[in-house]
Every structure is written in C-alpha cells, then in structure tokens.
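Written out below as structure tokens is the structure these notes cover.
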Amino acid sequence: MYKTNEKAAVESSADPFCSQNSGTILFGRLAVDMVHYIFHIVLELDRIHDYDVPFEVLDELRKAVFCLRCVSALWNHFILSSPRYWCVINVRGSQSAMVVTIERAQAAPLCIYSVRPSQWQAVHFDQIKPMLVARHSQIRTLRLNDKDLYDFGLSLIRLGLPALRTLEVVPRSYPYRDERPPIYDTPQLRHLTSRSWRPPSEAAWISGLKTLVLRELDGFDPDLYRVLGLCAPGLKKLSLGLGSAWKGLPRTPETICIPHMEDLRLDIGDRRTTVEIMRRILIPQSAGGKIRASLQLEDGTVVQDLLDFLLPTEGGVVNQEPAAIEIDSELGLMYAKYTNGNRSLQFGFLYGDLEADYEAIRSIFHGVHVRLGHPAVSVNMTCDLRSDAEVLQAFCSSAVQSISIITRSLEDIVDLVARAIGRHNSNLSGQTVDDDGSWPFQSLQYFAIDCHHRDVDISKMVSIIEQRQEDMNACDAATKLGVLGIILSEEEINVHLQLWEDIL
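Each residue of the sequence shown is one higher than the one before, starting from -18 at the first, in our numbering.
And the structure:
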C-alpha cells in the first residue's frame, strides 16, 4: 500500500508541487525550483558523478534522502516528486529498493556503484539488470570496485554506453590479470580507474580521457607507453602503480608531453622503470605530483634525477616553496619523504650494518639536502639495533629540527643519544658558519624518546644534554631544562621523554 501511494505521488497529474502552487510549499513563498536547489546543495547532488567521490558519500546520500522523507508527509511527497533524488543505484543494495529507485529515476542520468564487502556476500541483480539494460543510455557513472560484479559491469559495457563519463572496474582475480574489458561505444568517457589491467591502445575514446588511474600493473610496457601517448593531450590526472616486470621499450625515447597535467602520482617498484618514466614523460612545472619508488643504496644518482624531474626549478635552483624532509628508519629499512610545495618524493631502500651502507646513506641525504636548499628535516626512528646510532649520525645537519625515537630495547639507548647528539665530532660535515665547533644537530628543536617495557634513567639523559650545552657555551643548561622543561610522563609500561624548544 505504501509503495502504491509513493508511485501515485510521482505520477499524479494533480501534483500539489506544480508551479501554480509554488507559493505554498515547504519554505513559505520560495518557488519549487529554489527549494529543489536548496535540497540539491544539502544532499551534495553535484558530487554524484565525480570520479573520485568516496563511496561512503554515495551511501550517505541514500540515507540522507530517507531521513529527509521522514521529516513530514509534505517533505516526503516533495522528495518523491523529482527524479533527481533517485539517481544513485547500489548494486549490492536491496533488490526491491533498487527496483523502486530505478523507476523513480525516470530519465535522469544514473550513477551505478558497488564496493565489495570485507566478507564475502552473495550478490543478486537479476531484477535490476534488465531495467538497467533498458536504460543503458542513461548510465553516466559506472563504478564497480567489486570483482564479484566484473561480469555484471561487462554486460552493461557491451551494450555501448553513449553517456558514460566515469568508469571504474576491477578484474575478477589474478588469473585474469591481463584480461581487458571489451569497451565498445563510450565516446564520452573522461575518467577511467582500474586495477590489474590497462585499456587497449586501439580504443578510440582514449584520446578524450582527462583522468587515468591504473593501479597494480606488472610494469611499464610498450602498450602502456602508447596509451599514455594517445591520452596525453587532454590528460589532467595520471596515477600509475607499476611493478618490476619489464618489457622492452623503443630504444629512442619519444618524450610524452602532458601539457595540462594537474596531478601526478607514480608508485614504482624498481630503478629501471623509474629511469624510463623520467626519460619519457614531461609535465608542466605547475602540476602537483607524488612519486614513490623502491630503490637500492647505489641508486643515489636516481634520487637526484627524480628530484630534477619532480621539483620545479629555475636556473638549477629549487623554487622558494618551503621544503621539508621526513625520514623513517626501522630494522634495516629506511623510508624518506621530501615535500616541496605541491610535490613530494618518497623512496625506500634496505641497508645493512656496514660502513659502506652508512656512507651511501650520508651521501644520498647530503646531496638531496643541498639540492633542496637546506630545508627543515624531521627524523623518526624505531631503534632496536646497535647500528641505530650510525644511522642517526647519517643525518647530522644544522637543518634537523625534530628527532623522534621509539625503542623496545634500552640497553644501548643512552649510548645512542650520547653518540648521536652529545659528542663533539671533528669530522662532522654539513655545518654552517654559525655553528659553534662541530656539534651535530645544531638547530634541533624537538627531541623525543618513547621507551616501552623498561624504565629509563633520566639522569643520564639530562647529563648528556647538560654536558653538551656546557661545552657549546650556549647557555645555562640547567636553567633551560627547568624553564622549558624535561617532561616525563609515565603510563604503565610507557615512559616518554621530551625535550622541547631549542634546548639543545
């Protein structure tokens, strides 16, 4: 009975919300179009067809529409009076609810989506599939981040989707990794997102793409190279996740210029792919970008090349945007992130307890530090090895402003602090003319140690700081420690020592 009444509210020719009655609805004298406009803003209907709108927003939209209908009978009838509120179809939703939703959408552009749940659930679409097939020309957005619905998506694509602008699909599983969906008539396609496959280079619609997001690819191969060349003229966002698999590329690289690029993200699994990307892609200096690469210690020159590729320069000097470096080190793995304006470079590599490795680390970070114009540096370390002091000393620089250390093995923590920040080093490089002698970390403003499962001998830490301050003749260390504070907080098995401001 309720559904019959709802349908009647939509189809009734004596609709109380027609233009001649616009002065009596919902908000006093506001016209019907104005009220619809208000609801449009409140429900964020303009985001429905955005290629990157979170799926949670689409879920919340359906809930919000239901809540508005519950306000009063008048609001309920008003919501039912327009197809614009019924454009979002969740394939995994209740079949009966989706059937009614599709009917209420009438001729409005459709957004069809699905997200695969964390635990497997059967999905049934036998009722809505024929309805969507009949309305295939209305489908503007098809986002199926759900490998269980891969065949369902293909069944719609095969029909030809002349109004489709956004497509997101996920192949069924690894054995189908190289399978490419047969995309037929999609002349309006502008945004493509996928995992484990790339579009065929012969597809006519590639040249119209503005967004291309291809993740979990095996590597950079000739087909992908051709695809990028075809879509480059109009491309504004490019995101690639590339593994280490390698297939031959043309020996003479033709540079692919992407003149309208606004946002670049590259996740690269090996050095060779990294080098090829830098040789073959050219982006404007105004574009934002993020590159993450897995490298080896001997790839220091590649890091420099990545900075040259990613960070805008004038006359070989990095621009005046503030730059920052964040470094994480844990159990033989080092991870660094450099940020300069709207671009960032992240890379990681393994290292061993060898002097050659420490020297390579020092060389890499010293070169990057100079290249970026001596930016502020923050270092985060998880220390469980005797070699951690050597790693920390690799960052000795007057630009290091923050050091955070987490440790679960305290036997060497006091010695680590003493060696890293408390000892004069006549061989220390990278100091400025204002440095008082050769002391590491001249501009350190924040130093934190998180120690788990053991007690910390605070007095030894304080002695190290006091001795350093006395030797540097900076000021009365005891006074600074008292005023600015050594803050010691104990929470069961956790002791946190913080030295604030520029007390070092």
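No residue lacks a Cβ here, since even glycine has one placed at the ideal position from N, Cα and C.
| query | result |
| --- | --- |
| Just tell me which of ARG252, ILE93, PRO98 has its CA closest to the CA of VAL114. | ILE93 |
| From the DSSP output, in three-state form, read off ASN323 for me. | coil |
| Within 10 angstroms of the Cβ of GLY229, are there 16 or more other Cβ atoms? Answer buried if so, exposed if not. | exposed |
| Could you pull the DSSP bridge partners for LEU219 from this structure? | LEU193, LEU245 |
| In the DSSP assignment, the alpha helix (DSSP H) including ALA274 goes from what residue to what residue? | Looking at the DSSP string, ALA274 is not in any alpha helix (DSSP H); the run it does join, the beta strand (DSSP E), is 269 to 275. |
| Using three-state DSSP, classify THR236 as helix, strand or coil. | coil |
| Closest to SER75 by CA distance: which of GLN426, LEU425, PHE106 is it? | PHE106 |
| In terms of DSSP beta bridges, what is ASN361 paired with? | ASP309, SER385 |
| Quick check: the Cα distance between GLY348 and GLN426, rounded to an integer number of angstroms? | 23 angstroms |
| Should the stretch 9 to 17 be regarded as contacting the stretch 33 to 48, the criterion being three or more beta carbon pairs within less than 8 angstroms? | no |
| By DSSP's criteria, ARG227 is part of a beta bridge. Which residues make up the other side? | The residue asked about is misnamed: residue 227 is Trp in this sequence, not Arg. DSSP output for TRP227 lists PHE201 as bridge partner(s). |
| At which residues does the alpha helix (DSSP H) containing LEU91 begin and terminate? | Here LEU91 belongs to no alpha helix (DSSP H); instead the beta strand (DSSP E) covers 91 to 96. |
| In the structure shown, what three-state DSSP assignment does GLY141 receive? | coil |
| Rounding to the nearest angstrom, what Cα-Cα distance links ASN475 and ASN361 in this structure? | Per-residue confidence for ASN475 stands at a pLDDT of 34, beneath the threshold of 50, marking its modelled position as unreliable; no derived number is given. |
| My understanding is that VAL194 touches SER220, with C-beta atoms under 8 angstroms, so please give their C-beta distance in whole angstroms. | 4 angstroms |
| Does the distance from the CB of TYR131 to the CB of ARG146 come in under 9 angstroms? | no |
| Could you say which of ASP202, ARG171, PHE201, SER182 lies nearest to LEU190 if we only look at CA atoms? | ARG171 |
| Which residues does DSSP pair with LYS44 in a beta bridge? | None; LYS44 has no bridge partner. |
| Thinking SER325 and LYS318 are a contact (beta carbons under 8 angstroms), I'd like their distance in whole angstroms, please. | 6 angstroms |
| What's the gap between the Cα of LEU123 and the Cα of GLU149? | 6 angstroms |
| Relative to the alpha-carbon of GLU514, which residue among ALA375, PHE346, SER182, LYS110 has its alpha-carbon at the smallest distance? | Residue 514 lies beyond the residue range present for the chain, which begins at -18 and ends at 485; the question has no answer from this structure. |
| Starting from the Cα of GLU84, find the closest Cα among ILE345, LEU24, PRO111 and give me that residue. | PRO111 |
| Roughly how many angstroms lie between the CA atoms of SER440 and ILE394, to the nearest whole one? | 13 angstroms |
| Only counting the same chain, and skipping five residues up and downstream in sequence, which positions put a Cβ closer than 8 angstroms to that of LEU508? | Nothing can be reported for residue 508, as the shown portion of the chain is limited to -18 through 485. |
| In the DSSP assignment, what residue or residues form a beta bridge with MET315? | SER310, PHE330 |
| Relative to the C-alpha of MET259, which candidate in LEU288, GLY222, SER444 has its C-alpha closest? | LEU288 |
| Output the distance between the C-alpha atoms of ASP204 and ALA184, rounded to the nearest integer angstrom. | 12 angstroms |
| Who are LEU125's beta bridge partners in DSSP? | SER95, VAL150 |
| On a Cα-Cα basis, can you pick out the residue from ILE430, VAL80, SER62 that is closest to ILE70? | VAL80 |
| Find out if the Cβ-Cβ distance for the pair SER359, ILE387 is shorter than 9 angstroms. | no |
| Alpha helix (DSSP H) containing THR167: first to last residue? | Where THR167 is concerned, there is no enclosing alpha helix (DSSP H), given that its DSSP letter is neither H nor E. |
| Nearest chain B C-beta to VAL16 closer than 9 angstroms, yes or no? | In summary, chain B is missing from the structure at hand, where a single protein chain is found. |
| Given ALA213, which residues of its chain have a CB within under 6 angstroms of its CB, disregarding the five upstream and five downstream residues? | ILE237, ILE239 |
| Can you tell me whether GLY403 is buried or exposed? The criterion is at least 16 other CB atoms within 10 Å of its CB, across all chains shown. | buried |
| Residues in its own chain within less than 6 angstroms of GLU197 by CB, not counting five upstream and five downstream? | ARG176, SER177, GLY222 |
| My output table needs one value for ARG10: the three-state DSSP class, helix, strand or coil. | coil |
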